[in-house]
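From first to last, the protein sequence lines stand for chains A and B. Note that UniProt numbering gives residue 82 to position 82 of the first sequence, counting from 1, and the numbers run on in steps of one. Note that UniProt numbering gives residue 41 to position 41 of the second sequence, counting from 1, and the numbers run on in steps of one. Heads up, the beta-carbon is just placed ideally off N, CA and C, and yes, glycines get one too.
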Amino acid sequence: MHVHVGIPQAMLYHEFGSLWADFFRYADIPVSISGETNKQILDRGTLLGIDESCLPLKVYLGHVDSLLSECTHIFVPRVVQYHRNFLFCAKFAGLPDVVRNTFRLSPEQIISPNVEYKSSVNQLQSLYTTCQAIGLSAVPGYLAYRRALKSWRADVPGDIGSSTPKIAVIGHSYLLKDAFFCGNIMNFLASRGVQVITPNHVARKVLYDEAKVFEPDIYWQLSAKIAGAAHYFCRQPDIAGIIMVSSFGCGPDSLVNEYVEHHVFKKSDKPYIIINIDEHMGSAGLITRIEAFWDLVEWRQKY
Amino acid sequence: MHVYLGIDVGSVSTNIAVLDEFGKVIDSLYIRTQGRPIEAVQNGLRQIKERNPEIKVKGVGTTGSGRHLTGVIVGADSIKNEITAHAVAAMHIMPDVKTVLEIGGQDSKMIIIRNGVVTDFAMNTVCAAGTGSFLDQQAARLNIGIEDFGDKALESTTPVRIAGRCAVFAESDMIHKQQTGHVTSDIINGLCQALVRNYLNNIGKGKQIQSPILFQGGVAANKGIKRAFEEALGCPVVVSPYHNVMGAIGSALLAKEEVTQTKPTVFRGFDVIDFVYTPRSFECSGCANMCEVVEIKMNGNVAARWGDQCGKWSNSVTVA
C-alpha cells in the first residue's frame with residue numbers, strides 16, 4: 001500500500017506537532033508537513049470554511065487543502081481530552097468530520113485516532129487506530145511511538161535568559177507560533193530589542209497549577225494554559241507588559257479573555273493590551289496599537 | 001527663528017503645527033487630505049513656508065495613518081503612532097490631564113493618563129461609526145454645513161433617541177425620525193448623544209474616566225458632541241484650543257526630543273514642495289503571500305518601499 005501522510009501545520013500541530021511527525025518518521029512512513037501559513041492558504045481556508053467558524057479553523061482547512069495533491073492520508077486526530085481536569089474546544093473533537101465533509105474524503109483517507117482521556121489504554125488504542133490506517137504492524141508502531149514520545153517530553157522550554165525588558169505575549173500556540181498571525185507583533189518587538197516570552201517558555205505543569213486558582217474551574221485545556229500564563233506573568237517582576245492575542249470568532253477566548261482581563265490584569269499593575277486578529281489582515285491598525293503599547297510600557301519604566 | 005514641525009496625515013485631514021524651541025505653537029494648518037496625502041503635505045508645507053518665511057526647521061515629526069509615507073517624503077526625525085502623539089500633545093497643553101477623548105476622521109480613541117504617564121488606551125476597531133466621516137456624511141445629507149452641525153444640535157429642545165450602535169442603523173433611524181416629523185435640530189442632537197453613547201460603550205468600556213478631561217480631534221469642534229459628553233459623564237469637558245492639530249503638535253514635540261538627544265535633523269528642506277514623488281504599488285510574486293508592495297520614487301529615484309512581510313523589497317532601499 002502506498003502511504004504518504006500529510007500533517008497540516010495548524011491548530012494542535014503547534015502543541016503536539018513534533019510528536020506526530022516524529023512518530024511517522026521513526027516508523028519510516030513518508031510524511032509531509034504543510035508549509036507555513038500564507039495568504040493563499042488563508043484565502044482557500046476562508047472559502048472552504050463556514051462563515052461562523054473561528055479563524056484558526058479556516059486556516060486549518062487551507063492547510064489540509066495544500067496537502068491533498070501530494071498526500072494519500074491526512075492526519076487529523078480527534079482530540080477531546082488530554083488532561084485529567086480539562087477538555088478541548090468542541091471543534092477539535094469534530095475536526096476529522098469537518099475535514100472529511102469539507103473535502104468529501106473517504107474515511108480511509110483520514111487518520112483520526114481518538115484522544116479521549118489521558119490513560120495509557122487510550123494512547124495504545126489511538127496508536128492502534130493510526131497503525132491500522134497506514135498498514136503498519138503493531139510492534140514497530142509501538143517502538144516508533146515510544147521514541148517520539150520520549151523526544152517530545154524531553155523538549156522542555158529553555159530558559160530565555162534574564163535580559164530586560166521582557167514582554168509576555170499570551171495566546172493559543174497556534175496563533176503565537178504562526179508567523180502569519182503574530183509575525184508583525186514579534187518582529188516589531190524584536191526591532192525594539194524587546195525579549196518576548198510566551199506560555200511555551202513556561203513548563204506546562206506550572207501553567208496548569210497557576211490555572212487552579214480560578215473559580216469556577218476553566219473548562220478548556222488550552223484556555224487554562226492561557227489563563228494560567230496570565231496569572232503567572234502578572235506576578236513576575238521582570239515582565240514589563242503583557243500582550244494577549246486572540247483570534248476573531250474564538251468561543252473560549254471570548255469568555256476567558258474577559259474573565260482574565262477583569263480578574264487578573266486589572267488587579268495587577270502590569271500594562272496589558274488585548275489584540276484581536278481577523279482575516280482582514282490590515283497590519284496598519286495592529287502596528288499602531290503595538291507601537292503605542294510599547295511607548296506606554298517604556299514610559300512607565302522611565303517614571 | 002528655530003522651529004519644530006509636526007505633520008499629522010490622517011484619513012480626512014492633514015495638519016501641520018509649527019512650534020518654537022519652547023514648545024509654543026506659532027502656526028498651525030488644517031487642510032483636507034482628499035485622498036492625496038503627498039500633495040496635501042506639499043501644499044501644507046508651501047502654505048507654512050509662505051506664512052513664515054523666516055523659520056529654520058530644527059526637527060520634523062510625522063504621525064497619523066500616513067506617517068510612514070510622509071516620513072519618507074519630508075525626511076522625518078520621528079515617525080510615531082497617533083496615540084502617543086495625541087497623548088504627548090494633551091499633556092503639553094494641559095499638564096494635569098487625566099483623560100483624553102479623541103475623535104478624528106475615521107478613528108476614535110481614549111487615552112488614560114495618570115501623573116503624566118499614559119496608563120491605558122483604547123482605539124476603535126474596524127467600525128468607524130461615530131467618527132468624523134459619518135458626521136460629515138450626515139451633515140451633507142441634511143444639507144447643513146459641518147461647521148453649523150454643533151450649533152444646530154444646541155438648538156434642540158426635545159430629546160430624540162437615535163440608535164448609535166452602527167452607522168448604517170443610525171442613518172436609517174434618523175431618516176425614520178425625520179419622516180415622522182421630528183425637528184432637524186432634535187434629530188441632530190439625538191445623533192450626537194447616540195455617538196457619545198456608542199463611544200463610551202465601545203472605547204470607554206471599563207476605563208476610569210476621570211477629570212480633567214480633554215476633548216480633541218476634528219470632531220471636538222462640534223459643540224453638540226461636547227455637550228453630549230458633558231451630560232453623559234456628568235463633568236466638564238475641555239476642548240483644546242488646538243483640538244484639530246493636536247496630533248501634529250505631539251509629533252513636533254516628539255521630533256524635538258529626538259533631535260536634541262541625538263543628531264541634526266534629516267529634514268529634506270522646503271525644497272520637497274517641488275519634488276516629484278511618484279508612488280506605485282505592485283503585487284510581489286515571490287511567494288504565496290502575494291504582498292502588496294508600495295514604492296515611492298523621489299525625482300525619479302526609489303526613495304522607499306514597504307508592505308512586504310519578508311523584507312525582500314523594503315531592505316533593498318537604503319535611502320530612508
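- Query: The beta strand (DSSP E) spanning B/S281 covers which residue range?
  - Reply: Looking at the DSSP string, the run of the beta strand (DSSP E) that includes B/S281 is Y277 to E283.
- Residue span of the alpha helix (DSSP H) that contains A/W294, given as start and end: S283 to K302 is the span of the alpha helix (DSSP H), which, as asked, contains A/W294.
- Message: Would B/N299 and B/F267 qualify as a contact pair, given that the criterion is a beta-carbon distance under 8 angstroms?
- Response: Using a Cβ distance threshold of 8 angstroms, B/N299 and B/F267 do not count as a contacting pair.
- Neighbour-count burial assignment, A/Q221, 16 or more Cβ in a 10 Å radius: A/Q221 sits buried, since 16 or more C-beta atoms from the chains shown fall within 10 Å of its C-beta.
- Quick one: residues in its chain with C-beta nearer than 6 angstroms to the C-beta of B/A220, no 5 flanking neighbours on either side, listed in chain order? For B/A220, the CB contacts under 6 angstroms within the same chain, skipping 5 residues up- and downstream, are V239 and H243 in chain order.
- Query: If you measure from the beta carbon of A/E52 to each beta carbon in chain B, is any gap under 8 angstroms?
  - Reply: No, no contact with chain B.
- What is the residue span of the beta strand (DSSP E) that B/T63 lies within? K56 to T63 is the span of the beta strand (DSSP E), which, as asked, contains B/T63.
- Item | Length of the line joining the Cα atoms of A/V196 and A/P271 | So the alpha carbons of these two residues sit roughly 15 angstroms apart.
- B/V319 versus B/G71 - alpha carbon distance: Note that B/V319 scores a pLDDT of 49, beneath 50, so its modelled location is shaky and nothing firm can be said.
- If we count the other Cβ atoms within 10 Å of its Cβ and call it buried at 16 or more, is B/F282 buried or exposed? Looking at its Cβ environment, which holds fewer than 16 other Cβ atoms inside 10 Å, B/F282 is exposed.
- Indicate whether A/V206 and A/H231 have their beta-carbon atoms separated by less than 8 angstroms. One thing to note: A/V206 has its Cβ no nearer than 8 angstroms to the Cβ of A/H231.
- Message: With a threshold of 8 angstroms between beta-carbons, can B/F121 be considered close to chain C, or not?
- Response: Although the question refers to chain C, the structure presented lacks it and instead comprises the protein chains A and B.
- Task: Identify every residue that forms a DSSP beta bridge with residue 325 of chain B.
- Result: Look at the range of chain B in this structure, 1 to 320, and you will see that residue 325 of chain B is not part of it.
- Does the distance from the CB of A/I29 to the CB of A/H63 come in under 8 angstroms? With respect to A/H63, A/I29 sits apart: the two C-beta atoms are not nearer than 8 angstroms.
- Item | Minimum C-alpha distance to B/I16 - residue among B/K297, B/T63 and B/G190 | When only C-alpha atoms are compared, the closest one is B/T63.
- Message: Residues in the same chain with beta-carbon distance under 6 angstroms from A/I110, minus the five sequence neighbours each way, listed in chain order, please.
- Response: If we look at A/I110 and ignore the five residues flanking it on each side, its Cβ neighbours are I74, V76, P96 and R100.
- Task: Could you tell me whether the Cβ atoms of residue 327 of chain B and B/I55 are closer together than 8 angstroms?
- Result: What is shown of chain B runs 1 to 320, which leaves residue 327 of chain B out entirely.
- Task: Taking B/V272 and B/C284 to be in contact with their CB atoms under 8 angstroms, please state how far apart those CB atoms are, rounded to whole angstroms.
- Result: Not really, about 28 angstroms apart at Cβ, beyond 8 angstroms.
- Message: Using the three-state DSSP reduction, which class does B/G6 fall into: helix, strand or coil?
- Response: The answer is strand: DSSP assigns B/G6 an E or B state.
- What alpha helix (DSSP H) runs, 4 residues minimum, are completely inside the stretch 116 to 164 of chain B? You should have 132 to 141 and 149 to 154.
- Which residues in chain A sit within 7 angstroms of B/S65, going by Cβ to Cβ distance? Per Cβ cutoff of 7 angstroms: A284.
- Message: If contacts are defined as beta-carbon pairs under 8 angstroms, then A/A138 and A/F23 qualify, I think. What distance do you get, rounded to the angstrom?
- Response: Their Cβ separation, rounded to whole angstroms, is 14 angstroms, which puts A/A138 and A/F23 out of contact at 8 angstroms.
- Item | DSSP bridge partner residues for B/L214 (one or two, in chain order) | Paired residues: B/V100 and B/V238.
- Which chain B residues sit within Cβ distance under 9 angstroms of A/Y303? Within chain B, the residues near A/Y303 are N115, G116 and V117.
- Task: Grab me the residues of A/P199's own chain with a C-beta within less than 7 angstroms of its C-beta, minus the 5 sequence neighbours each way, in chain order.
- Result: Within the same chain, A/P199 has close Cβ partners I170, L207, K225, I226 and A229.
- Query: What beta strand (DSSP E) runs, 3 residues minimum, are completely inside the stretch 71 to 150 of chain A?
  - Reply: Counting only unbroken stretches of 3 or more residues, the beta strand (DSSP E) elements lying wholly within the stretch 71 to 150 of chain A are 73 to 75, in sequence order.
- Query: Can you give the beta carbon distance from B/F169 to B/G224, rounded, assuming they're within the 8 angstroms contact cut?
  - Reply: 20 angstroms between Cβ atoms; not a contact.
- Might you give, ordered along the chain, the residues of its own chain that have their beta carbon closer than 7 angstroms to the beta carbon of A/N184, omitting 5 neighbours on each side? So the list reads S283, L286 and I287, once near-sequence residues are dropped.
- Where B/N201 meets chain A, residues with beta-carbon distance less than 7 angstroms: Within 7 angstroms Cβ-Cβ: nothing; B/N201 doesn't reach chain A, min ~15 angstroms.
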